[in-house]
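Position in the sequence shown counted from 1, then plus 5, gives you the numbering used here.
Each residue gets a CB set at the ideal place from its N, CA and C atoms; glycine is no exception.
Data block below; observations after.
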Amino acid sequence: VSPDGRYVAFISERGGKPALWLADVRGRRLRRLSGRFRFEGVAGGVSWSPNGRQILYTRAPNAVGESRSELWVIPAEGGRSRRLARDGWPAKWAPSGERIGYTDHRNDDLRAVVARPNGRELWSRRGAFESWSPRGDRVALLIFGDEEVSTVITSPAGRTLARIRGQALAWAPDGRRLL
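Below you can see the structure in the form of structure tokens.
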């Protein structure tokens, strides 16, 4: 659902091939935003930018022997999609809209990545991107060990602030701690 609550973006196979579609919240004024995807894989992971001007989505080509998910962005009013990452899923906008966090999963080596909306990577580190705090001043990452999972809290620049044993589920509304 768009930040103003008026529109819904979704993936549909109307016409036989998946594409990104937009409709008002009543299900009217339906229109296709993207071209039809030329693959047989999965598409999804739709995420609106905080200002409602751009939409992130994921395309998985599903070619033989491949399991990558490509991260794309398109203007909300329609237009040309741009690929931001060859391996990126799930992607989440920072509350400011100035950064995007996602998990890069090339070669089964999970890397949490924070990038600019143009795709320029700012930093990455071992682990999986989990979420932005409500204010965007902290990032939660999951680190998978041999026998346990840890949650690491970083600054938006990637500096470790805290490490918690186990998997945290949600940020407190004030964004100061994970629950």
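Grab me the residues of residue i's own chain with a C-beta within less than 8 Å of its C-beta, minus the 5 sequence neighbours each way, in chain order.
i      : result
Pro139 : Pro100, Trp176, Pro178, Asp179, Gly180
Leu184 : Ala173, Leu174, Ala175, Trp176, Ala177
Ala14  : Ser7, Leu25, Trp26, Leu27, Leu38, Val51, Trp53, Ile60, Tyr62, Ala81
Glu75  : Thr63, Arg64, Ala65, Pro66, Arg88, Ala90, Arg91, Asp92, Gly93
Arg16  : In the sequence under discussion, the amino acid at residue 16 is Ile, which differs from the Arg named in the question. So the qualifying residues of the chain are Pro23, Ala24, Leu25, Trp26, Ala48, Gly49, Val51, Tyr62.
Arg116 : Thr108, Asp109, His110, Ser129, Arg130, Arg131, Gly132
Arg36  : Trp26, Leu27, Ala28, Gly83
State the beta-bridge partners of residue i as determined by DSSP.
i      : result
Val6   : Answer is none; Val6 lacks a bridge partner.
Ser155 : Ile148, Arg170
Leu61  : Ser52, Val78
Leu184 : None; Leu184 has no bridge partner.
Gly106 : Lys97, Val119
Asp29  : Tyr12
Identify which residue in the options has its Cα closest to the Cα of residue i.
i      : options                        : result
Pro8   : Arg37, Ala14, Arg33, Pro55     : Pro55
Arg104 : Leu147, Trp128, Ile158         : Trp128
Gly83  : Gly171, Thr165, Gly57, Val157  : Gly57
Val154 : Thr165, Arg121, Arg164, Gly171 : Gly171
Any idea if residue i is buried or exposed, counting beta-carbon neighbours within 10 angstroms, 16 or more meaning buried?
i      : result
Gly132 : buried
Asp151 : exposed
Asp114 : exposed
Taking the alpha-carbon positions, what's the residue i to residue j distance?
i      : j      : result
Gly10  : Arg34  : 15 Å
Ser136 : Arg168 : 15 Å
Gly70  : Asp142 : Caution applies to Gly70, whose pLDDT of 46 falls short of 50 and renders its modelled position unreliable; the value that the coordinates give is listed next. Those two C-alpha atoms are separated by around 39 Å.
Val78  : Ser86  : 6 Å
Val118 : Ile158 : 14 Å
Asn123 : Gly102 : 11 Å
Lys22  : Arg130 : 35 Å
Arg19  : Asp29  : 17 Å
Ile148 : Arg125 : 23 Å
Thr108 : Gly32  : 32 Å
Leu166 : Pro95  : 23 Å
Gly106 : Lys97  : 5 Å
Is residue i near the ligand MN, judged by its Cβ being under 6 Å from some heavy atom?
i     : result
Leu35 : Ligands are entirely absent from the displayed structure, and the ligand MN is therefore not among its contents.
Starting from the C-beta of residue i, find all residues in its chain whose C-beta is less than 6 Å away, skip the five residues before and the five after it, and write them out in chain order.
i      : result
Pro161 : none
Report all residues from its chain with a CB closer than 7 Å to the CB of residue i; omit the five preceding and five following residues, and keep chain order.
i      : result
Ala145 : Glu135, Ser136, Thr156, Ile158, Ala173, Leu183
Gly163 : Val119, Trp128, Arg130
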